[in-house]
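Shown next, in structure tokens, is the structure this report addresses.
2 protein chains.
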Amino acid sequence: MASKSKILVIGATGYIGKHIALASAREGHSTFALVRAAAAADQPLAKAKLLQDFQAAGVTLLDGDLYDRASLVSAIKQVDVVISAVGQSQLKDQTKIIDAIKDSGAHIKRFLPSEFTLDVDRSNAVEPAKSAFALKVQIRRAVEASGIPYTYVSSNGFAGQWLPTLGQAGVTGLPTDKVVILGDGNVKVVFVDEDDIGTYTVKAVDDPRTLNKVLYLRPPNNILSHNELVSVWEKKVGKTFERVYVSEEEALKKIQESSDPLNLIYAILHSVSIKGDETNFEIEPSFGVEASELYPDVKYTSVDEYLNRFL
Amino acid sequence: MASKSKILVIGATGYIGKHIALASAREGHSTFALVRAAAAADQPLAKAKLLQDFQAAGVTLLDGDLYDRASLVSAIKQVDVVISAVGQSQLKDQTKIIDAIKDSGAHIKRFLPSEFTLDVDRSNAVEPAKSAFALKVQIRRAVEASGIPYTYVSSNGFAGQWLPTLGQAGVTGLPTDKVVILGDGNVKVVFVDEDDIGTYTVKAVDDPRTLNKVLYLRPPNNILSHNELVSVWEKKVGKTFERVYVSEEEALKKIQESSDPLNLIYAILHSVSIKGDETNFEIEPSFGVEASELYPDVKYTSVDEYLNRFL
Chain B
1 MASKSKILVI GATGYIGKHI ALASAREGHS TFALVRAAAA ADQPLAKAKL LQDFQAAGVT
61 LLDGDLYDRA SLVSAIKQVD VVISAVGQSQ LKDQTKIIDA IKDSGAHIKR FLPSEFTLDV
121 DRSNAVEPAK SAFALKVQIR RAVEASGIPY TYVSSNGFAG QWLPTLGQAG VTGLPTDKVV
181 ILGDGNVKVV FVDEDDIGTY TVKAVDDPRT LNKVLYLRPP NNILSHNELV SVWEKKVGKT
241 FERVYVSEEE ALKKIQESSD PLNLIYAILH SVSIKGDETN FEIEPSFGVE ASELYPDVKY
301 TSVDEYLNRF L
Chain D
1 MASKSKILVI GATGYIGKHI ALASAREGHS TFALVRAAAA ADQPLAKAKL LQDFQAAGVT
61 LLDGDLYDRA SLVSAIKQVD VVISAVGQSQ LKDQTKIIDA IKDSGAHIKR FLPSEFTLDV
121 DRSNAVEPAK SAFALKVQIR RAVEASGIPY TYVSSNGFAG QWLPTLGQAG VTGLPTDKVV
181 ILGDGNVKVV FVDEDDIGTY TVKAVDDPRT LNKVLYLRPP NNILSHNELV SVWEKKVGKT
241 FERVYVSEEE ALKKIQESSD PLNLIYAILH SVSIKGDETN FEIEPSFGVE ASELYPDVKY
301 TSVDEYLNRF L
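First to last, the sequence lines map onto chains B and D. Residue 176 in the UniProt record's numbering is what sits at position 176 of the first sequence, and the numbering runs on without skipping anything. Residue 37 in the UniProt record's numbering is what sits at position 37 of the second sequence, and the numbering runs on without skipping anything.
This is the structure in structure tokens:
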């Protein structure tokens, strides 16, 4: 770890990409973000904030995208590490990144394809989530076949997505009287602050311990069952909520009866909240490492602290 | 206006598209939304809320997108009116919608291409905003050449984008001591609540007065100069702010010196806030109509009311 690698983030204006790009700059890496200029014309004021944050942090903006090969190759040639944070609809097109890395002649020391969910090789998801996760599996296999050094970041749940509704889907805010819980509510789920996902991701890029491994984010204070999560919140607000449980049978029925794309969402929730796919296996040294163990110096935001923001 | 047209919204999960789809259902139209199923896998909980809102409102979700021709043609065949709310990076691909309308054999009574900004045929934008707006101009010409009946919705400024920062770019919230104002701050700008944009847009689709015309949104209580906007807020909070003016010369220099895509954002702001492109021309009956005049029954949210949300 003599010097810090130069990092290119693809998908840097996306939900998790922005946290990664800012973490990269914060951690002292020369950071480049491949950004489609046209996209800035939608919601210019919101985009101005983000892009000015990037500039203030020292992130270099490069005009281009996945589908502009020249821009992609040129960006890759400037860096040592490529992190992809593209969304679901661009997952399969990450083969363009693999091809560009190979053809560029650049010596890319690490490629992190877009993951940032549970471990897609170890999920018990039913359809249509199974096929959605399979796109990430296919990219894993393509990365491995390419010989490019890699790390897969299994970040598990985004705190910013789960905690504002206390883990409930289809509602806007915190519970007032009832809490809907998938399954028996005893399955352990992981909630990680998006800034911490960025930090752990960036810590991994120059670390030989994460080479060709899955980096799991399971900070001990952030692994809670849905029942535990509700109890933590109940204690904070001094109030109890009626817990309405949805059985696996009901959940599966809902998946089957729902049309695209709601069935996909319900199937993802089934995998996380009923099958426990974020936590139902041990991390073996042969395939993975855990982030909070590797980087004990990272002062991650605990679920307890995160929930205090809503008081 | 015997019966209400069936409406297809393309880009319905986008920033303005969701307001249009919900307004369409609220106004009693059979409403269809073409949604890419895969996109639901990103941020499933947030998407679940929106899609469940669609379902609760009676919006029929159709799996597909602009790039899946069969899905597009099949969706078009089910409706009378097509509203596109796609983002900047898909603007040019709206030719696929035009082609699909022509080839489907469907009798589409009205097509509303994605506009929802100032009138792109009447802007004084400098580069690179000029070229960005030109994509909408090109689609206008393609629509006119196709003979498909149309309406262009010049919605002007999104209140939800401009008002939370009191019109300032690159900041997160309301001013605490200073307010940065582009130009002399006396140019009139229009701020329209996104729900109202949805309502006015949908009102227009079955209205012969908007046929082959531009529908301008200029609700009288929502046309303010930046100086007036700041004064309204100052009065509400009982405090005055230091007004920092950025001259046109400085703004143009900033556009020239900024890299992609910040230069685009600054050039859009220059067009709106310095050139006054939302308000610097009269609406002539030959090409346009004004929404609040056509639909005086719509109780639109005034800027004054909107700002009260921040108190």
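Quick reminder that beta carbons are idealized off the backbone N, C-alpha and C, glycines included. Model, not experiment: these values are computed from the prediction.
Chain D within 8 Å of residue i, Cβ atoms only
{"i": "B:THR176", "result": "no"}
{"i": "B:GLY87", "result": "yes"}
{"i": "B:PRO113", "result": "no"}
{"i": "B:TYR15", "result": "yes"}
{"i": "B:TRP233", "result": "no"}
{"i": "B:GLY276", "result": "no"}
CB contact below 8 Å: residue i versus chain B
{"i": "D:SER259", "result": "yes"}
{"i": "D:SER71", "result": "no"}
{"i": "D:LYS239", "result": "no"}
{"i": "D:GLY198", "result": "no"}
{"i": "D:LEU262", "result": "yes"}
{"i": "D:ILE268", "result": "yes"}
{"i": "residue 312 of chain D", "result": "Not covered by the structure: residue 312 of chain D. The range shown for chain D is 1 to 311."}
{"i": "residue 381 of chain D", "result": "Because chain D in this structure spans residues 1 to 311, residue 381 of chain D falls outside the shown range and cannot be described."}
{"i": "D:THR95", "result": "no"}
{"i": "D:LEU307", "result": "no"}
{"i": "D:THR165", "result": "yes"}
{"i": "D:GLN52", "result": "yes"}
Residue from the options with nearest C-alpha to residue i
{"i": "B:ALA70", "options": "B:GLY58, B:LYS47, B:ILE101 and B:LYS203", "result": "B:ILE101"}
{"i": "B:GLU249", "options": "B:VAL126, B:VAL9, B:PRO175 and B:LEU112", "result": "B:VAL126"}
{"i": "B:GLN78", "options": "B:VAL9, B:ARG140 and B:ARG218", "result": "B:VAL9"}
{"i": "D:PRO149", "options": "D:ASN124, D:LEU211 and D:HIS29", "result": "D:LEU211"}
{"i": "residue 317 of chain B", "options": "B:ASP195, B:SER258, B:ALA56 and B:PRO208", "result": "For residue 317 of chain B there is no data in the structure shown, the boundaries of chain B being 1 and 311."}
{"i": "D:LYS109", "options": "D:LEU91, D:THR151, D:ALA129 and D:ALA21", "result": "D:THR151"}
{"i": "D:SER30", "options": "D:ALA38, D:ALA21 and D:ARG36", "result": "D:ALA21"}
{"i": "D:GLN94", "options": "D:LEU269, D:ASP65 and D:VAL120", "result": "D:ASP65"}
{"i": "B:ALA57", "options": "B:LEU311, B:LYS235 and B:ALA25", "result": "B:ALA25"}
{"i": "D:GLY11", "options": "D:LEU269, D:ILE97 and D:GLU228", "result": "D:ILE97"}
{"i": "D:VAL230", "options": "D:THR165, D:ALA33 and D:VAL86", "result": "D:THR165"}
{"i": "D:PRO208", "options": "D:ALA145, D:THR172, D:PHE133 and D:VAL289", "result": "D:VAL289"}
Residue i in three-state terms, based on DSSP
{"i": "D:ILE10", "result": "strand"}
{"i": "D:GLY58", "result": "coil"}
{"i": "B:PHE310", "result": "coil"}
{"i": "D:LEU34", "result": "strand"}
{"i": "D:THR279", "result": "coil"}
{"i": "D:SER154", "result": "strand"}
{"i": "B:GLU290", "result": "strand"}
{"i": "D:PHE133", "result": "helix"}
{"i": "B:LEU182", "result": "strand"}
{"i": "B:TYR266", "result": "helix"}
{"i": "B:LYS188", "result": "strand"}
{"i": "D:TYR245", "result": "strand"}
{"i": "D:LEU66", "result": "coil"}
{"i": "B:ILE255", "result": "helix"}
Sequence-distant residues of its chain with Cβ nearer than 7 Å to residue i (five each side left out)
{"i": "B:SER302", "result": "ASN221 and ASN222"}
{"i": "B:ALA48", "result": "none"}
{"i": "D:PRO296", "result": "none"}
{"i": "D:PHE278", "result": "Strictly speaking, residue 278 of chain D in this sequence is Glu, with Phe absent from that position. Closer than 7 Å at the Cβ level, and outside the excluded window around D:GLU278, lie LEU118, ASN156, GLY157, VAL189, VAL190 and VAL272."}
{"i": "D:ASN124", "result": "SER271, LYS275 and ASP277"}
{"i": "B:ILE139", "result": "LEU91, GLN94 and PRO113"}
Distance, residue j Cα to residue i Cα
{"i": "B:TYR15", "j": "D:GLU284", "result": "43 Å"}
{"i": "B:ARG309", "j": "D:SER104", "result": "52 Å"}
{"i": "B:LYS239", "j": "D:LEU224", "result": "46 Å"}
{"i": "B:THR117", "j": "B:ASP80", "result": "24 Å"}
{"i": "B:PHE158", "j": "B:LYS188", "result": "14 Å"}
{"i": "B:GLY147", "j": "B:LYS254", "result": "42 Å"}
{"i": "D:LEU72", "j": "B:LEU252", "result": "30 Å"}
{"i": "D:LYS213", "j": "D:VAL143", "result": "12 Å"}
{"i": "B:ASP169", "j": "B:ALA267", "result": "One point to set straight first is that residue 169 of chain B is Ala, not Asp, in the sequence displayed. Rounded to whole angstroms, B:ALA169 to B:ALA267 spans 12 Å at the Cα level."}
{"i": "D:VAL246", "j": "D:ILE265", "result": "15 Å"}
{"i": "D:HIS19", "j": "D:ASP53", "result": "11 Å"}
{"i": "B:ASP304", "j": "D:GLN43", "result": "22 Å"}
{"i": "B:SER258", "j": "D:SER74", "result": "20 Å"}
{"i": "B:LYS4", "j": "B:ALA40", "result": "30 Å"}
6 Å CB neighbourhood of residue i in its chain, flanking five on each side removed
{"i": "D:THR199", "result": "ALA23 and VAL298"}
{"i": "B:ARG122", "result": "PHE281"}
{"i": "B:LEU217", "result": "SER155, ASN156, VAL192, TYR200 and ALA291"}
{"i": "D:VAL180", "result": "GLN168 and VAL244"}
{"i": "D:ALA106", "result": "ILE76 and LYS77"}
Residues near residue i in its chain [Cβ-Cβ closer than 8 Å; skip 5 each side]
{"i": "B:ASN177", "result": "Note on identity: in this sequence residue 177 of chain B is Asp, with Asn being the wrong assignment. PHE241 and GLU242, listed in sequence order."}
{"i": "D:LEU112", "result": "VAL81, VAL82, ILE83, SER84, TYR150, THR151, TYR152, VAL153, THR201, ALA204 and VAL205"}
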